[in-house]
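*Asks:* Numbering (the working numbering), first residue to last: 336 to 512.
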Amino acid sequence: MLCQVCKKREAVIHITEYIGGVKKELHICEECAKELGVIGMLKEMDIPVDENMVKKLFEVMVQGGVVKTSSVEKKERCPVCGLTFEEFKENGLLGCSECYTTFKEEIKPYLLNIHGSIKHVGKKKGEKYVALSPVEKEIKRLKRELEVAVEEERYEDAARIRDKIKELMDNAKKSNR
């Protein structure tokens with residue numbers, strides 16, 4: 336596979352990122368990785384905050400079609416209320432109903448994490464609110480996390496999460512006896 340930066344040398348570094356269930360890949364040769372600072376980043380594991388390197392890497396990923404620019408990078412504003420996605424991230428509140436359409440792709444991970452789904456289902460007619468215990472809430476959260484891990488093909492993480500769910504459920508059953 337050729338390097339996506341120089342398009343000349345063989346790619347030896349392959350970076351795969353999953354965001355909101357979307358897979359993004361970058362294949363890069365050692366020389367280009369050195370120029371961009373990727374090798375240092377990978378070796379150290381605590382990512383150096385080199386703005387130019389991050390900017391170059393992102394530009395390469397956009398130019399190579401690996402990443403599509405979104406309203407986050409474009410600093411897009413909601414046409415109705417003028418809110419930016421950065422402002423939403425700061426205060427956690429959308430300004431109006433049009434924000435859901437404007438920032439649709441960007442808010443999916445937040446909705447999935449908070450509500451366990453990206454679609455609002457609401458309550459069923461006549462359904463009463465039942466408060467969940469802390470253990471039930473944790474099991475529900477872990478089940479959502481498990482779904483995401485399987486969807487992103489992180490099977491080792493999924494197995495650990497599955498085992499944790501089983502452990503919590505077994506402990507809950509024992510304490511109810």
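Glycine residues also receive a C-beta, built at the ideal position from the N, C-alpha and C atoms.
Keep in mind it's a predicted model, so treat the numbers as computed, not measured.
1) Just verifying my parser: in three-state terms, what is the DSSP assignment at residue 428?
2) For residue 345, list the residues DSSP reports as bridge partners.
3) Roughly how many whole angstroms lie between the Cα atoms of residue 427 and residue 349?
4) So, using beta-carbon positions, are residue 500 and residue 467 closer together than 8 Å?
5) Can you tell me whether residue 470 is buried or exposed? The criterion is at least 16 other CB atoms within 10 Å of its CB, across all chains shown.
6) Report the residue from 486, 502, 347 and 485 whose alpha carbon sits nearest the alpha carbon of residue 474.
7) Taking just the CA atoms, how far does residue 424 sit from residue 417?
8) Going by Cα to Cα distance, which pick from 411, 422 and 421 is closest to residue 437?
9) Which residues bound the alpha helix (DSSP H) around residue 469?
*Replies:* In this structure, then:
1) coil
2) 337
3) 34 Å
4) no
5) exposed
6) 502
7) 14 Å
8) 411
9) 469-486
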